[in-house]
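In what follows, a single structure is set out as structure tokens and then discussed.
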Amino acid sequence: MRFQPGLYASMTGHFIKSSLSGKKKFPLVLMLEPTHRCNLACIGCDRIRTAAKGDLTVAECLNAAKECGAPVVAVTGGEPFIYPGLKDLLEGLFKMGKFVYLCTNGLAAGEGMDQLRPDPKLTLNFHIDGMQATHDQVTNRPGTFQAALAAVKKAKQKGFRVSTNTTVYKNSDLAELESLFGLLTEIKVDGMLISPAFAYQSVENDIFFKKEEIRDKFRRFDPLFKKFPFMNTPIYTDFLQGKREMHCTPWGNPTYSPLGWKSPCYLITDGYYKGFSELIKKTDWKRFEEGLDPRCANCMVHGGYETTVMRIAFRSPREMLRLALWNVQNARK
Ligand code: SF4
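Structural data, given as structure tokens:
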């Protein structure tokens with residue numbers, strides 16, 4: 003199964019309860035950045051350019067999780083394993099019934115995971131962008147691929163649920179990605195996510211896609227979609243391959259960091275708000291949901307669109323059944 007049954011049940015319950023209570027905007031995943039400090043300076047990362055100096059306190063993090071109400075929290079950063087309050091933060095989130103994806107580059111995870119205990123609600127999510135030469139180039143430091151791989155293996159041995167996230171760049175080589183996904187499957191990771199590289203407004207580089215280039219690239223992914231159990235939903239991969247159109251749901255995946263609630267989304271920044279309700283009230287969501295902002299023109303990242311997938315599934319029993327069947331299959335049929 004690609005996602006824990008409890009996670010699906012929790013998301014479905016949250017969706018139904020929020021809809022029945024008349025809420026129009028209710029996030030499914032909170033992107034929580036307790037620290038912007040990192041032990042790497044990767045080439046595609048904008049947090050090293052826009053980083054806040056101080057960390058959030060554990061109480062501020064838990065308050066944000068409560069305020070926004072999303073059933074899933076992606077703890078990211080910066081590098082969460084160098085955040086001193088990580089253990090307390092996770093314990094607090096589990097007490098609130100949250101499912102947690104702890105997103106790491108793996109460098110400090112080897113030691114850091116000794117302080118944690120495996121929990122059915124916890125997934126350690128390792129960022130790995132290619133085989134050794136590519137990954138070490140993206141992270142700007144030799145040895146990071148081997149370090150991440152060693153941490154993945156250790157996490158599996160210790161009984162953690164493990165997934166990986168791979169950013170696909172314009173020049174990513176399909177054969178190399180197939181080798182990487184084969185290797186991760188051998189290690190028995192529990193799931194793999196892919197995301198097209200998107201040019202943050204603060205990062206200028208020629209490694210990012212235009213929308214048509216994304217579609218061309220992912221049309222060639224069919225053999226990989228059939229072979230490996232990706233966690234990206236089939237509705238989203240249809241979108242990546244240009245088989246259907248979708249609008250973004252930016253409020254489905256809000257970001258909270260030491261700078262505040264980021265508006266409008268994880269990728270682009272028009273400002274920060276102190277409170278979640280202020281973010282919801284003051285952001286011009288229509289502009290982003292309808293793709294009217296020119297900065298959205300080439301964006302197809304899963305953060306913006308997987309909530310749309312859930313909204314589509316809740317309107318269509320056929321799509322809901324498709325998602326349920328996909329969740330129990332090993333690969334896409
Ligand atoms: S389309 Fe992308 S850049 Fe635009 S609001 Fe959605 S997630 Fe953000």
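For what it's worth, this note's numbering labels the leading residue of the sequence shown as 3, then goes sequentially. We treat Cβ as the ideally placed atom computed from N, Cα and C, and that holds for glycine. Nothing here was measured: the structure is a model prediction, and the numbers come from that model.
Tell me which residues share the same chain as residue i and place their Cβ nearer than 7 Å to its Cβ, disregarding the 5 neighbours each side in the sequence.
| i | result |
| --- | --- |
| K335 | Only weak support is given to the placement of K335: the predicted model assigns it a pLDDT of 46, under 50, and the question is left unresolved by the model. |
| A110 | N41, E81, F83, I84 |
| P73 | S12, M13, H16, L30, K100, F101 |
| M309 | As written in the sequence, residue 309 is Thr, which differs from the Met given in the question. Excluding sequence neighbours, T309 sits near L30, T251, G254, N255. |
| T187 | F230 |
| D131 | H137, V140, T168, T169 |
| A152 | G112 |
| L269 | F200, Y202, C301, V303 |
| C298 | C250, F290 |
| R313 | T251 |
| C44 | V140, T141, N142 |
| V75 | L32, L34, A67, L95, K100, V102 |
| D224 | none |
Name the DSSP beta bridge partners of residue i, please?
| i | result |
| --- | --- |
| Y337 | Nothing about residue 337 can be reported from this structure: the residues present for the chain run from 3 to 335 only. |
| I196 | T168 |
| V191 | DSSP lists no partner for V191. |
| L124 | V102 |
| A76 | M33, Y103 |
| T271 | P266 |
| F232 | M194 |
| H129 | N167 |
Excluding the 5 residues flanking residue i on each side, which residues of the same chain have their C-beta closer than 8 Å to its C-beta?
| i | result |
| --- | --- |
| E69 | G277, F278, S279 |
| K219 | V170, K172, S174, P198, F211 |
| Q117 | L88, K89 |
| W328 | R4, T235, P236, R334 |
| T59 | G87 |
| L325 | T235, P236, I237, V311, A315 |
| Y307 | Y238, F241, M248, C250, T251 |
| E215 | K172 |
| R217 | L242, Q243, G244 |
| Q159 | none |
| A233 | A small fix is needed here, since residue 233 is Met in this sequence, not Ala. Counting only Cβ-Cβ distances below 8 Å, and skipping sequence neighbours, we find R4, F5, S165, G193, M194, L195. |
Which whole-angstrom value describes the C-beta separation of residue i and residue j, a residue pair presumed to lie in contact below a C-beta threshold of 8 Å?
| i | j | result |
| --- | --- | --- |
| L91 | C63 | 5 Å |
| A67 | L32 | 6 Å |
| T141 | N107 | 7 Å |
| M115 | A157 | 6 Å |
| G161 | P120 | 4 Å |
| Q6 | P144 | 36 Å between Cβ atoms; not a contact. |
| Y274 | K284 | The Cβ separation is near 11 Å, so there is no contact. |
| E35 | S259 | 4 Å |
| I189 | K155 | 6 Å |
| L179 | R222 | Actually they do not touch by this definition, with Cβ atoms about 10 Å apart. |
Which residues in the same chain have their Cβ closer than 6 Å to the Cβ of residue i, if we skip the five residues on either side of it in sequence?
| i | result |
| --- | --- |
| I147 | In the sequence on display, residue 147 carries Phe and not Ile. Excluding sequence neighbours, F147 sits near Q134, H137, D138. |
| R163 | T125, D192 |
| F28 | S20 |
| H129 | N107, N167 |
| L9 | F101 |
| T37 | D57, G79, G80, Y85 |
| L281 | W263, S265, Y275 |
| N127 | Y103, C105, S165, N167 |
| A53 | H38 |
| V330 | M3 |
| G65 | Per the sequence shown, the amino acid found at residue 65 is Asn instead of Gly. Here the set comprises nothing. |
Is the stretch 311-323 in contact with the stretch 293-300, if contact means three or more CB pairs nearer than 8 Å? no
Just checking, does the stretch 252-268 make contact with the stretch 186-197 on the three C-beta pairs under 8 Å criterion? no
With three or more beta-carbon pairs closer than 8 Å as the criterion, would you say the stretch 242-250 touches the stretch 280-289? no
Inside the stretch 286-325 only - beta strand (DSSP E) runs reaching at least 3 residues: Listed in chain order, nothing qualifies, since the stretch 286-325 has no complete beta strand (DSSP E) run of 3 or more residues.
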